[in-house]
Amino acid sequence: VKRFDQAVTYYTKNHEGFCLQVSECLRSRVEWSDQEIIRDIISVLAVQGWEKILEEEASLEFVSRLVDRFAAPLQGAQKDLLNIPEEFDSLMQYAVQFISLATMDYRAVWWRIFHAPTASEWSNALALVQLLFSLPASNGKLERVFSQMNVIKTNK
Numbered sequence: 001v002k003r004f005d006q007a008v009t010y011y012t013k014n015h016e017g018f019c020l021q022v023s024e025c026l027r028s029r030v031e032w033s034d035q036e037i038i039r040d041i042i043s044v045l046a047v048q049g050w051e052k053i054l055e056e057e058a059s060l061e062f063v064s065r066l067v068d069r070f071a072a073p074l075q076g077a078q079k080d081l082l083n084i085p086e087e088f089d090s091l092m093q094y095a096v097q098f099i100s101l102a103t104m105d106y107r108a109v110w111w112r113i114f115h116a117p118t119a120s121e122w123s124n125a126l127a128l129v130q131l132l133f134s135l136p137a138s139n140g141k142l143e144r145v146f147s148q149m150n151v152i153k154t155n156k
């Protein structure tokens with residue numbers, strides 16, 4: 001690398017500023033998000049944590065918060081919002097009892113849950129899960145679509 005010594009000197013003089021800029025960039029990226037909602041979504045979709053939740057007899061408030069947050073689309077799909085926490089508890093108990101959560105990939109676990117003989121008993125809870133799986137992890141694809149659209153259809 002040419003001018004390595006100069007690069008090291010430049011970095012040592014400016015590294016705090018770089019760190020602050022990176023931190024500010026990351027902070028601005030996640031500032032829009034509601035951290036509690038993200039934790040709630042992870043609690044539902046990350047099946048490996050369910051055994052601990054059931055062992056500790058923890059409340060399923062995270063499910064209730066998600067139901068409140070996504071009430072409009074769930075009601076639009078004619079789902080019974082009041083039954084979702086109870087159905088999700090039953091779904092978790094089934095999964096812990098009959099599926100090897102610790103050793104299976106979460107996608108395989110969810111496939112088994114959706115195809116379980118008792119899946120119809122959890123139809124409201126599974127609608128919430130489908131909704132959560134449909135949420136984009138980032139808006140990158142959407143931004144690319146708008147960029148392509150702007151190339152095709154200009155302001156003129």
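Take 1 as the starting number for the sequence shown in my numbering and just add one per residue.
Here a beta-carbon is modelled for each residue, glycine too, at the ideal position from N, C-alpha and C.
None of these values were measured; they are calculated from a predicted model.
- In the displayed model, serine 43 falls within a helix according to three-state DSSP.
- Closest in alpha carbon position to valine 67, among Ser90, Ile37, Ala95, Val109, is Ile37.
- Assignment of alanine 7 by DSSP, reduced to helix, strand and coil, places it in the helix class.
- If you keep only unbroken alpha helix (DSSP H) runs of at least 4 residues inside the stretch 96-156, you get 106-114, 123-134, 140-152.
- Taking tyrosine 106 as reference, the option from Val129, Arg3, Pro117, Asp89 with the minimal CA-CA separation is Val129.
- If you compare the alpha carbons of Ala7, Val96, Gln35, Glu86 with that of glutamate 55, the shortest gap goes to Val96.
- Closest in alpha carbon position to phenylalanine 133, among Gln21, Ala7, Ser43, is Ser43.
- Taking the Cβ atoms as the reference, proline 73 lies roughly 6 angstroms from leucine 131, within the contact range of under 8 angstroms.
- For aspartate 68, the enclosing alpha helix (DSSP H) starts and ends at 61-69.
- Annotated three-state conformation of lysine 79 is coil, per DSSP.
- Each residue's CA atom was taken as its position, placing glycine 140 and phenylalanine 70 some 22 angstroms apart.
- Apart from the 5 residues on each side of it in sequence, aspartate 80 sits with its Cβ closer than 7 angstroms to the Cβ of Asn124 in its chain, given in chain order.
- The beta carbon of tyrosine 94 lies closer than 6 angstroms to none in the same chain, with the five residues before and after it left out.
- Minimum Cα-Cα distance from serine 100 among the listed residues Glu51, Asp40, Ala7 corresponds to Glu51.
- Put simply, the backbone Cα of alanine 116 is about 12 angstroms away from that of methionine 92.
- Taking each of Gly76, Leu45, Phe88, Val47 in turn and checking the Cα distance to leucine 60, the smallest one comes out for Phe88.
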